[in-house]
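Structure first, commentary second.
Protein chains in written order, with the working numbering: chain V, 6 to 385; chain B, 6 to 385.
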């Protein structure tokens, strides 16, 4: 496989972008990434998006975005894997360059959720429609089940869950592109409106609009400093929660991470920081266990004692994560890459980490039925 | 790039499959392809589907199909480019193997359209929602505009359009998996219910359920006779018809074909037969011009005089095409591959061609905003 590098990234502010359309925000982020990379052309495009058909009545957005970017006739395709559509777009762009077919590829993600009347129902199409959704459950309920099981089995506390939101809101307060730039306290998280017991609205990522893009290249267009994709792993799991052996385990996360570590030839001990898929506070706990940052069942105390804060042992979601930065679902996987690239290049402003060389992105679909992990390394 | 081969194909019957669900038909075709290939595992999956969210309320079908195929935790992702979602799934599976990341990949396409209340509106999300669909036009209208322009500029006749449907219904009558296995006459086509002047219902592909899969491998799993993918090309065009310089030209088709020919190192004169995207009769005329089988503007007389029939100079849509075989949109691109592979291997039954070595598949999205072409060669 040929080496693949990221030479530019760009994203819109995340939030309620009511004065901009789906195509507007994608093109804004694409031009921003091309400007950052200093390139004036691309050879191919991958657009991650979960359900523009249900959110804004528009499918075929690979071609649409190529057209409105002024990039037609370049090949363009949409990639969907629910909330990890963005991460999958990165992976497929990586394959296209690794194969030798193209030397410069734009990968992006976009979602326009706030124009939709029934976001929860649209998101629920990522669960098993016949065996889960039909019976009335949606994602807050599915993640609440995981939270209850994790609390029962491992003694994880309500306060430990809240500490994820507190940390991520703090990080978001340092990120000018975050949807929420306010701090919250543990008490505020715990006493906020209950969504699905034990999760409150402050355990939950918001409904967001946004887009993010990255420019991938082969050696041919490499400009240093750049970020090399040294590992890519993806995996799936049973889609319905009730069909898994243990709902506190996210098998697709574990397997996708193992594959990415293997490709990179490193282990979790070599990761300096990570952006992970904290769609609900409980998700961040389970994920850092599956990624190998902490032993299974011990994420609660690990997070509560500050190990994943900006100044901690392994900072997680320095961007504010899905919780505070926002979660326009198809865009999230690429926005994670934007954060890791900016941290590695030292342009992350007030939330800049020190002495970092290797970062990890983890993006997940549904209640974990699909997962994709990338490992990124600075090359100077 | 590593060489990529197709060692097995499978598909369901196309039609109104009311006793089977989306997952049922995909798994049926996947098992059939694995059986044909004689393999018991895969390393990765690509699922082409246009809009399962709007048709049956289910997204995230990469993971869903991996689960119900019993293939989890293999990586799985859905690929969407409107009606060429299937062809794009093949292309991305090709890249994954060509890159060296995997040695055996399942590519498939699926759509369940007959369960939906408003198929025309769901399909219209492949057009430009803001500048075309908002004003009331849907695909029959868009293709009728192309037909009128082709007739005005090149003298193409109503009878010539009808000859596409007559040929494709004849071929479908020889295909046991076709949705329609009845012959039609020119008079029947012309006098059928008018859908969008000049197109009647017998110029139009039907609403269908169906799925198709193929097994792609590297040299590692090659079993002969196999079919080698010697060319893959994709391209885009302005999405809205009114923004193109000339609506009788399908630029994405032309560019995608040029790219596929270049990769294969051959030209249209080397193609023995083809499956093309005849969503409406006029589409087949424009497409064979852009593929280089006949000079621009001369497809009408070319088809009318029998050149594209089973015994003609270059047989087109030997399967019955979208018109007679059926058009479950996401499945179509892979079903075209099934036909070409079976023809090359000599297992096409009553519609078997003789002395063929190289076949072409052409799959298209919307009114031609995206297009993907593959060139397939028998290796014995």
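Glycine is no exception: its CB is placed at the ideal position from the N, C-alpha and C atoms. Everything numeric in this text was worked out from a predicted model, so none of it was measured.
Are the Cβ atoms of residue 25 (chain B) and residue 184 (chain B) separated by less than 8 Å?
Here residue 25 (chain B) is taken as the residue at index 20 of the second chain, counted from 1. Here residue 184 (chain B) is taken as the residue at index 179 of the second chain, counted from 1. One thing to note: residue 25 (chain B) has its Cβ no nearer than 8 Å to the Cβ of residue 184 (chain B).
For residue 322 (chain V), tell me which candidate among V:332, V:341, V:42, V:252 has the shortest Cα-Cα distance.
The count along the first chain starts at 1 and reaches residue 322 (chain V) at position 317. Taking only the C-alpha atoms, the option nearest residue 322 (chain V) is V:341.
Threshold first: 4 residues or longer. Then list the alpha helix (DSSP H) segments lying entirely within the stretch 184-211 of chain V, N to C.
Runs of the alpha helix (DSSP H) inside the stretch 184-211 of chain V: 191-196.
When the Cα atoms are used, what is the spatial distance from residue 142 (chain B) to residue 282 (chain B)?
Within the second chain, residue 142 (chain B) is the residue found at index 137, counting from 1. Within the second chain, residue 282 (chain B) is the residue found at index 277, counting from 1. Computed Cα separation, rounded: 21 Å.
Let's test the definition: count the other Cβ atoms within 10 Å of the Cβ of residue 355 (chain V) and tell me whether it reaches 16, buried, or not, exposed.
Looking up residue 355 (chain V) in the first chain gives position 350. Exposed, because fewer than 16 other Cβ atoms sit within 10 Å of the Cβ of residue 355 (chain V).
Going by the C-beta, is residue 225 (chain B) closer than 7 Å to any heavy atom of the ligand HEM?
Absent from the structure shown: the ligand HEM. Ligands present: none.
Between residue 69 (chain V) and chain B, is there a C-beta pair that is closer than 8 Å?
The count along the first chain starts at 1 and reaches residue 69 (chain V) at position 64. Answer yes: the Cβ-Cβ gap between residue 69 (chain V) and chain B drops below 8 Å somewhere.
Does DSSP classify residue 365 (chain B) as helix, strand or coil?
On the second chain, position 360 is the one that residue 365 (chain B) refers to. Strand at residue 365 (chain B).
From the DSSP output, in three-state form, read off residue 9 (chain B) for me.
If you number the second chain from 1, residue 9 (chain B) lands on position 4. Three-state result, residue 9 (chain B): coil.
Just to confirm, are residue 252 (chain V) and residue 128 (chain V) a CB contact at a threshold of 8 Å?
Reading the first chain from its first residue, position 247 is the one you call residue 252 (chain V). Reading the first chain from its first residue, position 123 is the one you call residue 128 (chain V). In this structure, the beta-carbon distance from residue 252 (chain V) to residue 128 (chain V) does not fall below 8 Å.
Of the residues that make up the stretch 100-120 of chain B, which ones have a beta carbon closer than 8 Å to any beta carbon in chain V?
Residues of the stretch 100-120 of chain B whose Cβ lies closer than 8 Å to any Cβ of chain V, in chain order: 100, 101, 103, 104, 105, 106.
CA nearest to the CA of residue 124 (chain V), picked from V:264, V:328, V:332, V:205
Taking the first chain and counting its residues from 1, the one referred to as residue 124 (chain V) is at position 119. Minimum Cα distance to residue 124 (chain V) is reached at V:332.
Counting only Cβ-Cβ distances shorter than 7 Å, please list the residues of the stretch 257-291 of chain V near chain A, keeping chain order.
Chain labels in this structure do not include chain A; the protein chains are V and B.
Quick one: list the residues of chain B neighbouring residue 4 (chain V), beta-carbon separation under 7 Å, in chain order.
The structure shown does not extend to residue 4 (chain V), since chain V is modelled only from 6 through 385, so no value can be given for it.
Would residue 139 (chain B) be called buried (16 or more neighbouring beta carbons within 10 Å of its own) or exposed?
Residue numbering aside, residue 139 (chain B) sits at position 134 when the second chain is read from its first letter. Answer is exposed; the Cβ neighbour count stays below 16.
Leaving aside the five residues before and after residue 177 (chain V) along the sequence, list all residues of the same chain whose C-beta is less than 7 Å from its C-beta, in chain order.
For the purposes of this step, residue 177 (chain V) is taken as residue 172 along the first chain, with counting starting at 1. Beyond the five residues adjoining it in sequence on each side, residue 177 (chain V) comes within less than 7 Å, by CB distance, of 183, 185, 186, 325, 329, 330 in the same chain, given in chain order.
Coil, strand or helix - residue 337 (chain B) by DSSP:
Stepping through the second chain from its first residue, residue 337 (chain B) is reached at position 332. Three-state result, residue 337 (chain B): helix.
Please state whether DSSP places residue 30 (chain B) in a helix, a strand or coil.
Position 25 of the second chain, counting from 1, holds the residue named residue 30 (chain B). Residue 30 (chain B) falls in the helix class under three-state DSSP.
When you check each C-beta in the stretch 129-147 of chain V against every C-beta of chain B, which residues fall closer than 9 Å?
Listed by position along the chain: 129, 130, 131, 132, 133, 134, 135, 138.
As a quick exercise: from B:34, B:27, B:207, pick the residue whose alpha carbon is nearest that of residue 18 (chain B).
By 1-based counting over the second chain, the position of residue 18 (chain B) is 13. Per the C-alpha coordinates, the member of B:34, B:27, B:207 positioned closest to residue 18 (chain B) is B:34.
Members of the stretch 330-344 of chain B that neighbour chain V once the beta carbon cut-off is set at 9 Å
Residues passing the 9 Å Cβ filter: none.
Determine, for residue 378 (chain V), whether the minimum Cβ-Cβ distance to residues of chain B falls below 8 Å.
Taking the first residue of the first chain as position 1, residue 378 (chain V) is located at position 373. No, residue 378 (chain V) does not count as interfacial toward chain B.
Just the chain V side, please: which residues come within less than 8 Å of residue 243 (chain B) by C-beta, in chain order?
Locating residue 243 (chain B) in the second chain gives position 238, where the first residue counts as 1. Against residue 243 (chain B), the close residues of chain V are 72, 77, in the order they occur along the chain (beta-carbon pairs closer than 8 Å).
Is the separation between the beta-carbon of residue 154 (chain B) and that of residue 241 (chain V) shorter than 8 Å?
Locating residue 154 (chain B) in the second chain gives position 149, where the first residue counts as 1. Locating residue 241 (chain V) in the first chain gives position 236, where the first residue counts as 1. No, they are not a contact pair.
Residue 191 (chain V) and residue 168 (chain V) closer than 8 Å at C-beta:
Along the first chain, one-based indexing puts residue 191 (chain V) at 186. Along the first chain, one-based indexing puts residue 168 (chain V) at 163. Yes, the pair counts as a contact, with Cβ atoms nearer than the cut-off.
Check the Cβ-Cβ distances between residue 64 (chain V) and every residue of chain B, and say whether any is below 8 Å.
As a position in the first chain, residue 64 (chain V) is number 59, starting the count at 1. True, the Cβ-Cβ gap to chain B drops below 8 Å.
Pick out the complete alpha helix (DSSP H) segments inside the stretch 260-343 of chain V, 4 residues or longer, and give them in chain order.
Listed in chain order, they are 286-295, 304-309, 326-330.
CB-CB under 7 Å to residue 76 (chain B), same chain, minus the five flanking residues each way: which ones, in chain order?
Here residue 76 (chain B) corresponds to residue number 71 of the second chain, with the count starting at 1. So the list reads 47, 50, once near-sequence residues are dropped.
I think residue 3 (chain V) touches residue 268 (chain V), with their Cβ atoms under 8 Å apart; what is that distance to the nearest whole Å?
This structure gives no information on residue 3 (chain V), because the portion of chain V shown stretches from 6 to 385.
Proximity of residue 14 (chain B) and residue 118 (chain B) at Cβ, strictly below 8 Å:
Here residue 14 (chain B) refers to the residue found at position 9 when the second chain is read from its first residue. Here residue 118 (chain B) refers to the residue found at position 113 when the second chain is read from its first residue. No, the Cβ-Cβ distance between residue 14 (chain B) and residue 118 (chain B) is not below 8 Å.
Short check: CB of residue 217 (chain V) to CB of residue 42 (chain V), under 8 Å?
Here residue 217 (chain V) refers to the residue found at position 212 of the first chain. Here residue 42 (chain V) refers to the residue found at position 37 of the first chain. No.
Just the chain B side, please: which residues come within less than 9 Å of residue 297 (chain V) by C-beta, in chain order?
By 1-based counting over the first chain, the position of residue 297 (chain V) is 292. By Cβ distance, chain B contributes nothing, its closest Cβ being about 16 Å from residue 297 (chain V), past 9 Å.
Just verifying my parser: in three-state terms, what is the DSSP assignment at residue 372 (chain V)?
For this step, residue 372 (chain V) is matched to residue 367 along the first chain. Three-state result, residue 372 (chain V): coil.
Cutting at 7 Å between CB atoms, please list the residues of its own chain near residue 6 (chain B), excluding the five before and the five after it.
What you label residue 6 (chain B) is simply residue 1 of the second chain in a count that begins at 1. Excluding residues within five positions, the ones whose Cβ falls inside 7 Å are 103.
Candidates V:72, V:372, V:23, V:163: which alpha carbon is nearest residue 244 (chain V)'s?
What you label residue 244 (chain V) is simply residue 239 of the first chain in a count that begins at 1. Comparing Cα positions, the closest option is V:372.
Between the CA atoms of residue 27 (chain V) and residue 55 (chain B) - distance to the nearest angstrom:
By 1-based counting over the second chain, the position of residue 55 (chain B) is 50. By 1-based counting over the first chain, the position of residue 27 (chain V) is 22. Taking the straight line from one Cα to the other gives about 18 Å.
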